[in-house]
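Q: Have a look at the structure that comes next, please.
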Amino acid sequence: MAEAAVSAAASTPSLAVPAPLPVRAVLPWAFFVGLLALIALYFVGAEQGATSVFAGTDVHEWVHDGRHLLGFPCH
Ligand SMILES: [Zn+2]
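Rendered as structure tokens:
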């Protein structure tokens with residue numbers, strides 16, 4: 006009896022079916038994360054000189070290594 010149950014379970018593989026993800030539930034989070042990514046990209050890549058939001062070079066110095074890592078022109 007137990008062998009029959011084991012062999013039946015082994016012969017029919019159970020497929021894991023992922024739960025459906027509704028787009029309406031994901032869309033606000035995708036927009037929010039995209040907005041945060043754009044803000045981070047701005048501060049890493051363009052916060053310098055005439056387009057700077059904050060005066061001085063503090064933000065530039067904080068993200069300087071990330072700027073070079075992502076290949077933005079710097080100095
Ligand atoms: Zn640099």
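In this text, residue positions in the sequence shown follow this note's numbering: the first is 6, and each later residue adds one.
By construction, the Cβ of each residue, glycine as well, lies at the ideal position given by its N, Cα and C atoms.
Along the chain, where does the alpha helix (DSSP H) that runs through Leu74 open and close?
A: Numbered from 1 along the sequence shown, position 69 holds the residue referred to as residue 74. Run containing Leu74: 69-75, per the alpha helix (DSSP H) assignment.
Q: From the DSSP output, in three-state form, read off Val58 for me.
A: On the sequence shown, residue 58 is found 53 positions in, with the first residue counted as 1. It is coil, neither helix nor strand.
Q: Contact defined as beta carbons within less than 8 Å: I believe Phe48 pairs with Val68. What is the distance between those atoms, to the nearest angstrom?
A: On the sequence shown, position 43 is the one that residue 48 refers to. On the sequence shown, position 63 is the one that residue 68 refers to. Right, the Cβ-Cβ distance comes to about 6 Å (below 8 Å), so this counts as a contact.
Q: With Ala30 as the anchor, note down where its alpha helix (DSSP H) starts and where it stops.
A: As a first step, residue 30 is located in the sequence shown; it is residue number 25 there, counting from the start. Where Ala30 is concerned, the enclosing alpha helix (DSSP H) stretches over 28-50.
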